[in-house]
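J.:
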Amino acid sequence: MLKNNIPFIILDGDNIRNTINKDLGFSNEDRIENNRRVAHLAKLISDSGVFAIVSTVSPTNEIRSFLGNFMIMANILKYL
Numbered sequence: 001m002l003k004n005n006i007p008f009i010i011l012d013g014d015n016i017r018n019t020i021n022k023d024l025g026f027s028n029e030d031r032i033e034n035n036r037r038v039a040h041l042a043k044l045i046s047d048s049g050v051f052a053i054v055s056t057v058s059p060t061n062e063i064r065s066f067l068g069n070f071m072i073m074a075n076i077l078k079y080l
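Residues in the sequence shown are numbered from 1 upward in steps of one, following the working numbering.
1) Which two residues bound the contiguous alpha helix (DSSP H) that contains I32?
2) Need the endpoints of the beta strand (DSSP E) that D105 sits in, please.
3) Go to I6, then tell me how far its alpha helix (DSSP H) extends in each direction, as first and last residue.
4) Would you mind giving the Cβ-Cβ distance between N35 and L67, rounded to the nearest angstrom? I have them listed as a contact below 8 angstroms.
5) Whole angstroms are fine: how far does the CA of K3 sit from the CA of N61?
Shown next, in the form of structure tokens:
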């Protein structure tokens, strides 16, 4: 991407959790909220014409299901 001058940003789950999501813990509800916020942030970035590469842990089926549905609605590519 760098070689081809394609704009991108890497959203690392640990970095986000230690900065903008530092108000969240590790309960199931907080993990869901963390991933929800990251998904919305990635969409905002993508909508501005920048590729968002996201690396987060999604330990439950509930979180993976939410993210899968969100990405379909937002027309976001997912690769595991």
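In this text, a Cβ means the ideal position worked out from N, Cα and C, and glycines have one as well.
Just so we're clear, the structure is a prediction, and the values are computed from it rather than from any experiment.
T.: Reading it off the structure:
1) N28 to D47
2) A query on residue 105 cannot be resolved here, the shown segment of the chain reaching from 1 to 80 and no further.
3) Neither: I6 is in no alpha helix (DSSP H) and is coded neither H nor E.
4) 6 angstroms
5) 37 angstroms
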